[in-house]
Every structure is written in C-alpha cells, then in structure tokens.
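**Student:** Below is one structure. I have some questions about it.
There are 4 protein chains.
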Amino acid sequence: MIRLSDVLELRVRYSETDQMGTFYNSRALEWFECGRTELMRRRLGMSYAALEARGVFLPLVEAHLDFQGGARYDDLLVISSTVEVSGRAKLRFEVLVSHAESRKAVVCGYTVHAFTDRQGKPIRPPAWFTQLLAKAADNVAAAAGATGGVSPETSRLS
Amino acid sequence: MIRLSDVLELRVRYSETDQMGTFYNSRALEWFECGRTELMRRRLGMSYAALEARGVFLPLVEAHLDFQGGARYDDLLVISSTVEVSGRAKLRFEVLVSHAESRKAVVCGYTVHAFTDRQGKPIRPPAWFTQLLAKAADNVAAAAGATGGVSPETSRLS
Amino acid sequence: MIRLSDVLELRVRYSETDQMGTFYNSRALEWFECGRTELMRRRLGMSYAALEARGVFLPLVEAHLDFQGGARYDDLLVISSTVEVSGRAKLRFEVLVSHAESRKAVVCGYTVHAFTDRQGKPIRPPAWFTQLLAKAADNVAAAAGATGGVSPETSRLS
Amino acid sequence: MIRLSDVLELRVRYSETDQMGTFYNSRALEWFECGRTELMRRRLGMSYAALEARGVFLPLVEAHLDFQGGARYDDLLVISSTVEVSGRAKLRFEVLVSHAESRKAVVCGYTVHAFTDRQGKPIRPPAWFTQLLAKAADNVAAAAGATGGVSPETSRLS
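Residue numbers (this note's numbering), protein chains in the order written: chain A, 197 to 354; chain B, 197 to 354; chain C, 197 to 354; chain D, 197 to 354.
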C-alpha cells in the first residue's frame with residue numbers, strides 16, 4: 197500500500213475562534229484541507245489545483261473527527277497528514293493536529309475522498325495519477341533507505 | 197431612481213462568534229448577502245440563483261461597514277436591505293443590521309455590485325432585468341398608494 | 197433512553213459554496229449546530245444560550261459525516277436532528293440534512309458532546325438538566341399517545 | 197505620525213472560494229486580520245494575543261473594501277499592511293492584497309480599530325503601548341537610514 201506523509205504549520209486565526217475561547221469545531225475540516233493541499237504539492241509533485249485543472253476531482257465522501265484539546269487564537273499548530281491509497285478508487289487522509297511546542301493533541305481524524313470528473317461523476321483514478329503516486333512512494337522509500345528514516349521537513353505556508 | 201426594500205430575521209450562529217464573545221467582523225458581509233438574497237427573491241420576483249442561471253452575475257466591487265454594537269450567539273437580528281439602481285451599470289445595497297427586540301444597531305453599511313457575465317466580463321444590465329426592477333418598483337409604489345405607506349412583512353428564512 | 201427530535205429548514209448561503217459549485221464540506225458541521233440550537237430551544241424548553249448562561253457547556257468531542265449528495269446556493273434544506281441521552285455524561289445528536297422538496301440526502305452524521313463547566317472541566321449533567329430532558333421526553337410521549345404519532349412541525353428560523 | 201508596515205504571504209484555501217470560482221468576499225476581512233496579526237508580532241514586538249492578555253482589545257469599528265480582481269484556490273497572495281496611529285484613540289490599518297507573482301491587485305481597503313477593555317468599554321491607548329509603537333517606529337527609521345530604504349522581508353506564516 198502506498199503511503200505519503202507531510203507536516204504543515206499554521207496559526208489559529210481570530211476568525212477561527214468562537215465564544216468558548218477555543219477554535220470552532222468546523223475549522224478542523226478546513227485545517228485538514230490545508231494539510232492535504234500541501235501534502236499533494238510537496239510529496240506528490242502535483243498540486244490539487246493542477247489535478248482539478250486536468251479534470252480530476254476528489255470530493256469528500258466521509259469524515260471523522262476526534263476533538264482532544266483546545267487551541268486558542270495565534271497558537272502555532274502542526275498538521276500531520278498521511279495519505280493512503282487502497283485498491284479501490286478512494287483516497288484516505290489520516291490527520292493529526294497538535295500544538296507545535298507542547299505536541300499536545302488538538303484534533304485527529306480522517307477524510308475519505310472519491311475520484312470524480314468535473315460533473316461529479318465517479319471515475320477510476322487515471323493511470324497517470326496512480327503512476328505519480330507510485331513514483332512518490334518510491335522516492336520516499338529511497339530517501340528512507342538513504343537516511344535510515346523519513347522525517348519530512350515542515351512547511352510553514354498556508 | 198428605483199428603490200426596493202426588504203427585511204429578514206436571522207439568529208447569530210455559534211460558528212459566527214469569536215473569542216471576544218460577539219460576532220466575528222467578516223460575518224457581517226455574509227449577513228448582508230442573506231439580506232440581498234431574500235430581497236431579490238421577495239421584491240424583485242427573481243432569485244439571484246435564477247439570475248445567475250440566466251448568465252447575469254453581480255460580483256461585489258466595493259463594501260463599507262460601520263460596526264455599532266455587539267451581537268451574541270442566538271441573538272435574533274433584523275437585516276434591513278434597500279437596493280438602488282442608478283443610471284450606471286451598478287447596483288448598490290444599503291444594509292442595517294439591528295437587534296430584533298431592542299432595535300439597537302449592530303452594523304450598517306453598503307455593497308456595490310457590477311453586472312458581469314459568467315466569465316466576469318462587465319456587461320450592461322439586460323433589458324429584461326431593468327424591466328423587472330421597474331415593475332417591482334411600480335408594485336411598491338402602488339402598494340404604498342393603497343395602504344398609505346410601505347411596511348414589508350419580515351421574512352424569517354435564511 | 198430519552199430521545200427528542202426536531203426539524204429545521206435553512207437555505208444554502210452563497211458564502212457556504214465552494215468552487216466545485218456545491219457546499220464546502222465544513223459547513224455541514226455548522227448546519228448540524230443550527231439543528232442542535234433549534235432542537236434545544238423548541239423541544240427541551242431551554243436554549244443552549246441559556247444553558248451556557250447557567251454554566252453548562254456542551255463542547256464537541258467527536259463528529260462523523262457521510263456526504264451523500266450536492267446542495268447548491270439557495271437550495272432549501274431540511275435538518276432533522278435527534279438527541280439521545282445515555283447513562284454516561286454524554287449527549288449524542290444524530291443529524292440528516294436533505295433537500296426540502298426532493299428529500300434527496302445531502303449529508304448525515306452525528307456529534308457527541310461532553311458536559312463541562314466554563315473552564316472546560318468535565319462535569320456530570322446537572323440534576324435540573326436531566327429533569328428537563330425527562331419532562332421533555334414525557335411531553336413527546338404524551339403527544340404521541342394523543343395523536344398516534346410524533347410529527348414535529350418544521351421551524352424556518354436559522 | 198507613526199507608521200509600521202509588514203508583508204505576509206498566504207495561499208487561498210479551498211474553503212475560501214465560492215461557486216463563482218474566486219474567493220468569497222468576506223474572506224478579505226479574514227486575510228486583513230492575518231496581516232494585522234503578523235504586523236503586530238513582527239514590527240511591534242508584541243503580538244495581538246499578548247495585547248489581549250494584558251487587557252487591551254482592538255475591535256473593528258469601520259472597514260472598507262475595494263475588490264479589484266479575482267484570486268483562485270491555491271493562488272499565492274501577498275498581504276501588505278501598514279498601521280497608522282493618529283492622535284485620537286484609534287488605529288488604522290491600510291491593506292493591499294495582490295498576487296505574489298504578477299503583483300495584480302486583488303482587494304485593498306482599510307480597517308479602523310478602537311481601544312477597549314475586556315468588557316468592550318473604550319479606553320485610552322495605554323502609555324506602554326504608545327511607547328512600544330514609538331520605539332518600533334524609531335527602529336524602522338534607523339533601519340531605513342542604514343539601508344537607504346525599508347524593505348521588510350516577507351513572512352510566510354499564517
């Protein structure tokens with residue numbers, strides 16, 4: 197099975213807080229999306245924007261969230277994302293959001309994505325996409341062999 | 197000059213609050229949009245969705261907001277919107293958001309909209325749209341003549 | 197086990213759409229919150245705002261979402277929510293969002309909530325809250341006995 | 197008059213787009229806030245979070261936005277913010293959002309902020325805050341003298 201991982205840092209925006217003083221729950225899904233976006237750009241070698249431009253869409257079909265701790269305005273968070281491709285025409289991203297310094301967990305969960313065309317009709321993953329994934333996984337394996345472990349540097353762009 | 201007015205009630209959502217305990221500032225623009233949507237459906241006789249389906253878009257080109265008071269989660273608000281059409285190819289919506297019971301002001305402002313096609317290219321307002329507006333204004337004038345004043349009932353849908 | 201149900205209608209806001217032309221996935225959690233808010237006000241006889249004012253908070257600890265169909269700007273949706281109270285100090289809301297006319301499913305899922313104080317410390321559900329729930333459930337049972345079935349009228353406020 | 201400037205890069209999130217294919221208008225105010233947050237942390241030497249922790253709040257009292265061009269999902273944007281302090285107890289931030297590569301304008305505008313305490317009551321800017329600003333402005337002037345011009349490096353955190 198192919199697995200690719202990436203790590204992204206971002207800060208909690210004021211607009212993402214609510215009157216309880218922590219982030220509003222739905223923001224977690226927006227952070228998950230930021231994680232997916234950077235993982236694809238940095239590990240897959242093709243941005244999700246480029247994927248859509250080629251007519252391949254990855255709408256969410258399922259999401260699960262476990263809320264584990266608060267996060268306040270301006271807190272620096274780490275989004276750790278891993279994508280898995282199974283034999284079926286689905287992608288699954290596992291995500292853990294935690295505090296950058298203390299590593300305390302904030303929220304973890306997963307999202308499952310279908311492959312569709314521009315009109316939302318399910319399609320098989322194109323062969324060029326599967327090859328891209330396999331090549332990215334090979335690169336990861338080679339890097340792990342060279343260094344004795346995979347430790348992707350953190351991206352600080354959101 | 198043609199003027200149409202409408203009134204919409206909505207409640208502050210938890211997702212619209214921030215850690216200061218009141219609504220986050222950008223929500224005001226989202227409420228303004230709810231006001232425009234219902235004004236067009238109820239006063240113009242054509243929803244904005246139907247307008248877009250006919251290839252006419254009204255993107256925002258300018259917005260101004262004056263924040264005048266707080267509004268907390270679950271507070272019932274009144275959005276009073278008035279659209280003006282001037283000779284130029286622009287629409288201008290004036291909006292006042294206030295508390296439903298106390299009538300205390302929350303935020304007021306305006307938005308200015310261009311007419312464009314689906315690709316965002318500026319267009320002249322179509323003749324059928326101008327006629328729709330004129331007819332709606334006539335209806336308002338006739339209703340005002342019949343009742344001695346215009347008092348649109350409030351919509352409670354959002 | 198105590199179960200209370202409610203139905204709320206709302207329209208998809210322009211701000212809730214994304215470039216795929218349907219609603220952005222995280223909005224589902226915001227609609228779930230609108231459903232909870234009205235269910236508590238209408239079925240429990242105490243709004244969530246009043247609950248917080250008495251020092252009882254219900255932060256989300258878990259959420260699950262199954263996306264089943266699109267919903268476009270201005271589509272009228274029905275949010276059907278049911279709350280369950282188990283013996284443990286948790287509340288669970290089951291939610292189904294569907295199109296008001298066609299009844300086509302849009303998204304379904306659940307949220308699980310802990311009871312905490314203002315500082316976020318877990319507490320047992322207060323006795324007055326449990327009694328409120330029990331009384332609300334009795335009212336539902338009595339109404340069902342009187343009419344031969346429960347069919348809550350739909351709320352159109354959001 | 198004291199003026200401090202800063203530049204922040206961020207990418208348009210999928211959650212910030214709407215069905216027109218560009219960013220939804222209210223996101224501009226959220227980006228303005230990201231610009232203010234980094235300007236204060238990097239130029240003032242005190243984050244807005246720290247300011248609030250000391251009991252000083254800067255709620256928005258006025259905002260103006262001119263929308264000048266589209267920005268699509270994943271586009272890299274530059275937020276250029278400048279804060280001005282006048283004799284009155286107000287702060288004014290001027291903001292220009294443009295495309296990082298083409299420098300094409302996306303949206304520009306300003307926000308005006310009052311000084312209040314935690315309860316929202318207007319206060320005078322504390323002396324320590326005014327001194328902090330004056331010192332930051334001196335640093336800018338000294339740096340400009342040393343290099344013959346001010347060109348703050350861009351922050352890539354959001």
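Glycine is no exception: its CB is placed at the ideal position from the N, C-alpha and C atoms.
#1: Between the Cα of C/G325 and those of C/K317, C/V336, C/F311, C/A296, spot the shortest distance and give me the residue it belongs to.
#2: Tell me, please, whether the stretch 266–279 of chain C touches the stretch 202–212 of chain C by the rule of three or more beta-carbon pairs shorter than 8 angstroms.
#3: Give a yes or no on whether the minimum CB-CB distance between D/E226 and chain A is below 8 angstroms.
#4: Roughly how far, in whole angstroms, is the beta-carbon of C/G251 from the beta-carbon of C/D313, given that I think they are within contact range, below 8 angstroms?
#5: Write down every uninterrupted run of the beta strand (DSSP E) in the stretch 231–308 of chain C whose length is 3 residues or greater and which is fully enclosed by it, in chain order.
#6: Please identify the residue among C/V291, C/Q327, C/A342, C/R299 whose C-alpha is closest to the C-alpha of C/M242.
#7: Which residues, in chain order, does the stretch 207–231 of chain C contribute to contact with chain D at a C-beta distance below 7 angstroms?
#8: At the 8 angstroms Cβ level, is D/Y306 part of the contact set with chain C, yes or no?
#9: Spatial neighbours of B/C230 within its chain, please: CB distance less than 8 angstroms, with the 5 preceding and 5 following residues excluded, ordered by chain position.
#10: Grouping DSSP H, G and I as helix and E and B as strand, with all else coil, what is B/S211?
#11: What separation, rounded to the nearest whole angstrom, lies between the Cα atoms of C/V291 and A/T233?
#12: Look at the Cβ atom of A/A259, then the Cβ atom of A/T307, and state whether they are nearer than 8 angstroms.
#13: Excluding the five sequence neighbours on either side, which residues of its own chain have a C-beta within less than 8 angstroms of the C-beta of B/P318, listed in chain order?
#14: Taking C/S222 as the reference, give the member of D/T213, D/G217, D/T218 with the closest Cα.
#15: List the residues of chain A that D/S243 touches, going by C-beta distances under 9 angstroms, in chain order.
#16: Considering only the alpha carbon of each residue, which of D/L287, D/T218, D/L261, D/A267 lies closest to D/M236?
#17: At the 8 angstroms Cβ level, is A/S354 part of the contact set with chain D, yes or no?
#18: Apply the 10 Å Cβ neighbour rule to C/M197 and answer buried if 16 or more other Cβ atoms are within range, or exposed otherwise.
#19: Can you find a CB in chain A that lies within less than 8 angstroms of the CB of C/E290?
#20: Looking at the C-beta of C/H260, does it have a partner C-beta in chain A at a distance below 8 angstroms?
#21: Determine the contact status of A/R299 and A/G217, defining contact as a CB-CB distance below 8 angstroms.
#22: Chain B beta carbons: is any one of them nearer than 8 angstroms to that of D/V257?
#23: Checking the sheet assignment: what are the DSSP bridge partners for A/R199?
#24: With distances taken Cα to Cα, identify the nearest neighbour of A/Y210 among D/P322, D/L225, D/Q215, D/Q315.
#25: How should A/A249 be labelled, buried or exposed, when 16 other C-beta atoms within 10 angstroms of its C-beta is the threshold for buried?
#26: Would you list the residues sitting across from B/F219 in a DSSP beta bridge?
#27: Taking the alpha carbon of C/P357 as the reference point, which residue from C/L254, C/G341, C/Q215 has its own alpha carbon closest?
#28: Label D/Q215 either buried or exposed according to how many other C-beta atoms from any shown protein chain fall within 10 Å of its C-beta, with 16 as the threshold for buried.
#29: Is the Cβ-Cβ distance between C/G316 and A/G305 less than 8 angstroms?
#30: Taking the C-alpha atoms as reference points, what is the distance between A/L256 and C/L261?
#31: Taking any Cβ of chain C, which residues in the stretch 307–319 of chain B have a Cβ under 7 angstroms from it, in chain order?
#32: For a cutoff of 8 angstroms on Cβ pairs, would you count C/G266 as touching chain A?
#33: Skipping 5 residues on each side, what residues in its chain have a beta carbon closer than 8 angstroms to that of A/E297?
#34: Answer yes or no: does any C-beta atom of chain C fall closer than 8 angstroms to that of A/F325?
#35: Taking the alpha-carbon of A/D270 as reference, which of A/T278, A/V303, A/H295 has the nearest alpha-carbon?
**Tutor:** Let me lay it out:
#1: The residue you asked about is not Gly; residue 325 of chain C is Phe in the sequence shown. Out of C/K317, C/V336, C/F311, C/A296, C/F311 has the C-alpha closest to the C-alpha of C/F325.
#2: yes
#3: yes
#4: 6 angstroms
#5: 256–263, 272–281, 286–295
#6: C/Q327
#7: Y210, S211, T213, D214, Q215, G217, Y220, S222
#8: no
#9: L204, L206, I275, S354
#10: helix
#11: 29 angstroms
#12: yes
#13: A285, A310, F311, T312
#14: D/T213
#15: D270
#16: D/L287
#17: Confidence in A/S354 is poor, its pLDDT being 39 and thus under 50, which makes the residue's placement unreliable; the coordinate value appears in the next sentence. Output row for A/S354: interface = yes.
#18: exposed
#19: no
#20: yes
#21: no
#22: yes
#23: A/E280
#24: D/L225
#25: exposed
#26: B/T213
#27: Absent from the model: residue 357 of chain C. The displayed extent of chain C is 197 to 354, so no value can be given.
#28: buried
#29: no
#30: 10 angstroms
#31: none
#32: yes
#33: L272
#34: no
#35: A/H295
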